[in-house]
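Take a look at the structure below.
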Amino acid sequence: MKGHKQLMSSRSDEWATPGWLFDILNGYFHFDLDPCASAENHKCEIYYTKEDDGLAQPWNTRTNGSTVAFVNPPYTHRQALPWIKKAIAENKERGVRSLFLLPARTETKWFWELASNASDVFFIGKRLKFNDGKGGATFPSVLMGIGLSVAKIPREIPGIAMDIKSFNPKQEKKKKEIPAATPALPDIQERESAYWSDADPGDLRDKGY
652 MKGHKQLMSS RSDEWATPGW LFDILNGYFH FDLDPCASAE NHKCEIYYTK
702 EDDGLAQPWN TRTNGSTVAF VNPPYTHRQA LPWIKKAIAE NKERGVRSLF
752 LLPARTETKW FWELASNASD VFFIGKRLKF NDGKGGATFP SVLMGIGLSV
802 AKIPREIPGI AMDIKSFNPK QEKKKKEIPA ATPALPDIQE RESAYWSDAD
852 PGDLRDKGY
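Quick note, the sequence shown lines up with residues 652 to 860 if you use the working numbering.
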């Protein structure tokens with residue numbers, strides 16, 4: 652039980668991407684680099700571990716064309732924000748495109764730092780089970796891209812895509828129009844229960860973000 656509680660606690664910064672989710676996304680985006688990984692849970696052939704320090708490494712690993720990175724960083728504020736800033740810089744300086752998997756913490760600074768540089772956002776419709784199904788998330792998840800659009804995420808992933816620019820708090824306050832959301836397709840096939848979390852957020856909901 653101790654290990655299970657640690658996986659659900661906000662004190663645990665690292666949440667290994669569910670393999671089935673990565674496979675669907677990889678089939679669509681064709682990732683080249685996993686810049687914040689470990690030897691045990693890396694998702695791409697080219698990856699950086701904590702010892703490699705992906706924040707200090709260049710991300711343009713392709714010799715031809717634009718590198719596409721899959722970024723599932725540690726989830727606390729102090730850990731997530733540097734990765735977001737790194738991805739923004741890599742896009743501007745080297746043309747690297749990145750897809751982020753993060754908690755849908757719309758009240759945080761890092762969420763809007765990323766959102767202000769993303770064209771759209773995809774809110775995953777169910778809470779995920781991370782770490783090969785061993786840890787149920789107490790939070791919803793979101794996908795956002797730097798140089799990538801997530802508006803047409805494969806239908807195997809239930810959720811809703813939105814034009815995030817219209818929600819950006821940096822825009823003029825007088826703008827009151829709320830854009831129409833793009834609904835998920837009605838024939839989305841339900842995933843097995845092993846993929847989704849029904850964990851109660853409880854008192855952990857707002858800690859550490």
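Beta carbons: idealized from backbone N, C-alpha and C, even for Gly.
Exposed unless 16 or more other CB atoms sit within 10 angstroms - verdict on residue i
i: A756; result: For the sequence presented, residue 756 should be read as Arg rather than Ala. Buried.
i: E594; result: Outside the displayed range of the chain (652 to 860) lies residue 594, so it cannot be described from this structure.
i: R745; result: exposed
i: K803; result: exposed
i: G705; result: buried
i: D703; result: exposed
i: K694; result: buried
i: E758; result: exposed
i: S792; result: buried
Other residues of its chain near residue i: CB distance less than 6 Å, five sequence neighbours each side excluded
i: K825; result: Note that K825 scores 46 on pLDDT, short of 50, meaning its location in the model is unreliable; the coordinates nonetheless yield the value given after this. There are no such residues.
i: S689; result: T700
i: L836; result: Since pLDDT at L836 reaches only 40, below the 50 mark, its modelled position is unreliable, and the value read off the structure follows with that caveat. The answer, listed in chain order, is R806.
i: F790; result: P754
Check whether residue i and residue j have beta carbons under 8 Å apart
i: T714; j: D683; result: no
i: H692; j: A731; result: With the sequence shown as reference, residue 692 is identified as Asn, and His is not the correct amino acid for it. The answer is no: Cβ separation not under 8 Å.
i: I775; j: G798; result: no
i: A812; j: F773; result: yes
i: G678; j: R748; result: no
i: F673; j: F721; result: yes
Residue i (DSSP reduced to helix, strand or coil)
i: K803; result: coil
i: S683; result: Sequence check: residue 683 is Asp here, not Ser. D683 falls in the coil class under three-state DSSP.
i: M652; result: Reliability fails at M652, whose pLDDT of 31 lies under 50, so the model's placement of it is uncertain and the value that follows must be treated cautiously. Coil.
i: I808; result: coil
i: R729; result: helix
i: R748; result: strand
i: F762; result: helix
i: A740; result: helix
i: T668; result: coil
i: F790; result: coil
i: L676; result: helix
Own chain residues within Cβ distance below 8 Å of residue i, not counting five before or after
i: L736; result: In the sequence under discussion, the amino acid at residue 736 is Lys, which differs from the Leu named in the question. Result list for K736: E764, in chain order.
i: Q708; result: P686 and Y699
Sequence-distant residues of its chain with Cβ nearer than 7 Å to residue i (five each side left out)
i: W761; result: H728, A731, L732 and I735
i: N768; result: I739 and I797
i: D771; result: S800, V801, A802, A812, M813, D814 and I815
i: P724; result: C687, Q730, A731 and W734
Cβ-Cβ separation, residue j to residue i (assumed contact under 8 Å), whole Å
i: L750; j: F680; result: 6 Å
Chain B contact for residue i (CB, 8 Å cutoff)
i: H693; result: Looking for chain B here will not work: only one protein chain is present.
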